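Just so it is clear: in the sequence shown, position 4 is 4 by full-length UniProt numbering, and no numbers are missing. By construction, the Cβ of each residue, glycine as well, lies at the ideal position given by its N, Cα and C atoms. The structure displayed is predicted, hence computed values, not measured ones. Here is the structure we will look at.
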Amino acid sequence: MPKFPYFILFLLLLGSCKDVVQESANVAESSFETMANELPPVVAVNAKSDAILAQWKEYYSFHQSFERIYTIGFREDLVLVIEDLVEKQKLLEASEYPAEFNIPQVKGRQKVVKTYILKTKGDLEYRLNPENSIKELITAYNALRKQFDVTVNNTLPTDLIENEDV
């Protein structure tokens with residue numbers, strides 16, 4: 001008979017601990033939604049660059065996938081978005097670049113974006129906090145978009161740049 005009250009106490013203790021664990025899991029999952037709200041915005045490109053980019057289907061598809069980073073709510077959403085970005089980036093890399101953007105400056109920045117996509121994917125696979133990697137990815141993507149503007153707005157003749165005989 002003296003064991004019965006200890007058994008009931010043990011069951012109550014188990015029941016009360018279970019609710020706390022579920023509550024902390026919900027807090028951890030919702031942190032991705034707040035992180036998505038605090039991310040820096042994507043830089044807009046000017047009208048000239050936008051006209052060229054609108055005709056580049058692979059880039060448009062990549063950009064649409066990239067915008068989904070801002071809609072994540074849970075860790076699994078981010079995993080799916082990053083996996084989609086990896087696939088779209090491969091297609092973008094293999095695609096034919098528009099003549100204006102078929103230069104090493106654009107391709108180099110695209111490789112940097114690829115590096116940060118893979119870094120974020122690694123953080124997710126190893127269960128690390130991907131917040132810094134995502135911010136770095138957005139910074140690299142913004143640098144790529146700024147390079148589009150710089151390339152289109154460049155008024156220097158290419159002969160001056162290519163000719164190193166001064």
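Taking 8 Å as the cut-off, the beta carbon of Val45 is found no closer than this to the beta carbon of Arg109. Here the alpha carbons of Lys3 and Leu13 stand approximately 15 Å from one another. The beta carbon of Pro98 sits closer than 6 Å to those of Ile52 and Trp56, all from its chain and outside the five residues before and after it, given in chain order.
Between Glu136 and the set Val150, Lys121 and Glu125, the nearest pair of CA atoms involves Lys121. The shortest C-alpha to C-alpha distance from Pro41 to any of Gly15, Ala54, Thr71 and Lys48 is the one to Thr71. Counting only runs of 4+ residues, the alpha helix (DSSP H) found wholly inside the stretch 36-113 occupies 47-55, 57-67 and 75-94, in chain order. Between Ile82 and Leu128, the gap from beta carbon to beta carbon reaches 8 Å or more. If the five residues before and after Lys114 are omitted, its C-beta is found closer than 6 Å to the C-beta atoms of Gln89, all from its own chain and listed in chain order. In this structure, Ile69 is the residue among Val150, Leu11, Ile69 and Leu85 with its C-alpha nearest to the C-alpha of Asn37. Cβ-Cβ distances below 6 Å link Leu85 to Ser65 and Ile117 in the same chain, with the five nearest sequence neighbours on each side left out; the list follows chain order. Closest by C-alpha distance to Ser95, out of Leu11, Phe62 and Ala143, is Phe62.
According to the DSSP assignment, Leu137 belongs to the alpha helix (DSSP H) that extends over Glu131 to Asn153.
The straight-line gap separating the alpha-carbon atoms of Glu67 and Leu78 is approximately 12 Å. When the alpha-carbon of Leu39 is set against those of Ile138, Val150, Glu87 and Asp149, the nearest one is in Ile138. Beta-carbon to beta-carbon, Phe148 and Phe74 are separated by about 32 Å, too far to satisfy the 8 Å threshold.
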